[in-house]
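J.:
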Ligand SMILES: NC(=O)c1ccc[n+]([C@@H]2O[C@H](COP(=O)([O-])OP(=O)(O)OC[C@H]3O[C@@H](n4cnc5c(N)ncnc54)[C@H](OP(=O)(O)O)[C@@H]3O)[C@@H](O)[C@H]2O)c1
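Numbering (the numbering used here), first residue to last: 140 to 397.
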């Protein structure tokens with residue numbers, strides 16, 4: 140299937156490594172021009188040159204998405220590089236494990252800023268860009284733990300990832316009439332070289348084998364390519380009827396019915 144993404148411009152917030160870099164490669168392989176953002180300028184530069192070496196047009200900018208002006212800076216960079224953008228993928232994110240009783244206001248402000256507000260801020264900027272371009276697609280990377288309880292120590296992460304799905308739903312309703320679709324992807328446990336699951340598999344292979352057997356019906360970790368493929372589809376005109384939804388990419392890991 141041709142995803143009809145040729146010539147589109149995609150901005151990936153948190154695209155220098157991990158799942159975000161695989162999303163950049165998947166969208167680039169489908170013909171998108173790609174804008175990468177992350178904090179580490181050296182990694183951004185390196186990621187752009189890897190894309191360029193594959194013949195993918197790409198540009199990158201070092202921006203901390205938790206900064207109040209990140210949305211405007213990213214949009215301006217995309218305008219300067221490629222004249223605007225059609226797709227925004229909000230991928231940057233992180234976890235802070237703590238029992239709820241030990242969390243502080245600062246923990247909540249930090250995690251909600253990184254996992255939620257940062258993407259809403261860039262998306263707001265993206266919406267005005269997409270309006271002038273006649274439409275677009277926004278995809279937020281949530282988690283299966285945005286859809287069901289992750290367990291002890293995960294109140295910060297769970298809350299931020301659920302709120303992202305909730306915001307996307309309302310955005311989808313409000314923006315549908317303007318041709319802007321908004322969706323989420325909820326990855327399960329995704330293993331890629333250098334990622335946290337990869338480190339745990341190397342350090343505790345037996346415990347991780349048991350974890351997979353108990354938790355992932357398909358019997359293996361997901362790959363970042365598998366997440367990126369779903370993001371590419373949702374970003375594309377082929378997903379023209381899909382908005383306001385969240386798709387699990389988790390090998391059956393999530394136990395939630397919704
Ligand atoms: N890996 C999994 O199994 C899994 C499962 C479910 C959901 N997810 C979600 O998928 C997303 C990607 O996860 P990952 O494992 O690929 O993470 P990762 O390897 O840590 O990569 C995160 C990316 O985001 C960037 N980033 C982090 N903080 C940023 C900030 N403040 N401003 C700008 N960029 C920032 C990082 O670059 P810099 O550090 O240079 O800024 C990097 O490019 C996250 O939202 C995560 O919650 C992952």
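The C-beta atom is built at its ideal place from N, Cα and C for all residues, glycine as well.
As the structure is a prediction and not an experimental result, all values here were calculated from the model.
Are the CB atoms of residue 173 and residue 167 within a distance shorter than 8 Å?
T.: yes
J.: When DSSP labels each residue in this structure, what does residue 199 get in the three-state scheme?
T.: strand
J.: Straight-line CA distance for residue 282 to residue 361?
T.: 13 Å
J.: Quick check on this structure: which residue in 326, 368 and 208 has the alpha carbon closest to the alpha carbon of residue 261?
T.: 208
J.: Can you give the beta carbon distance from residue 393 to residue 286, rounded, assuming they're within the 8 Å contact cut?
T.: 6 Å
J.: Go to residue 259, then tell me how far its beta strand (DSSP E) extends in each direction, as first and last residue.
T.: Per DSSP, residue 259 belongs to no beta strand (DSSP E); it is in the alpha helix (DSSP H), 257 to 272.
J.: Bridge partners of residue 276, per DSSP?
T.: 226 and 320
J.: For the 8 Å Cβ check, are there 3 or more pairs between the region 174 to 184 and the region 336 to 353?
T.: no
J.: How many Å lie between residue 384 and residue 199 at the Cα?
T.: 29 Å
J.: What is the rounded straight-line gap between the Cα of residue 140 and the Cα of residue 389?
T.: 23 Å
J.: Taking the CB atoms as reference points, tell me whether residue 225 and residue 269 lie closer together than 8 Å.
T.: Residue 269 is positioned such that its CB atom lies closer than 8 Å to that of residue 225.
J.: Distance check for residue 152 and residue 386, CA to CA, integer angstroms please.
T.: 19 Å
J.: Taking DSSP as the reference, what is the three-state secondary structure of residue 167?
T.: helix
J.: What number of angstroms, rounded off, separates the C-alpha of residue 219 from the C-alpha of residue 277?
T.: Roughly 20 Å separates the two Cα atoms.
J.: In whole angstroms, what separates the C-alpha of residue 347 from that of residue 325?
T.: 21 Å
J.: Using the three-state DSSP reduction, which class does residue 381 fall into: helix, strand or coil?
T.: coil
J.: Do residue 370 and residue 228 count as a contact pair if the criterion is CB distance below 8 Å?
T.: yes
J.: Does the Cβ of residue 243 have 16 or more other Cβ atoms within 10 Å, making it buried, or fewer, making it exposed?
T.: exposed
J.: From the DSSP output, read off the bridge partner residues of residue 207.
T.: Note: residue 207 sits in no beta bridge, so no partner.
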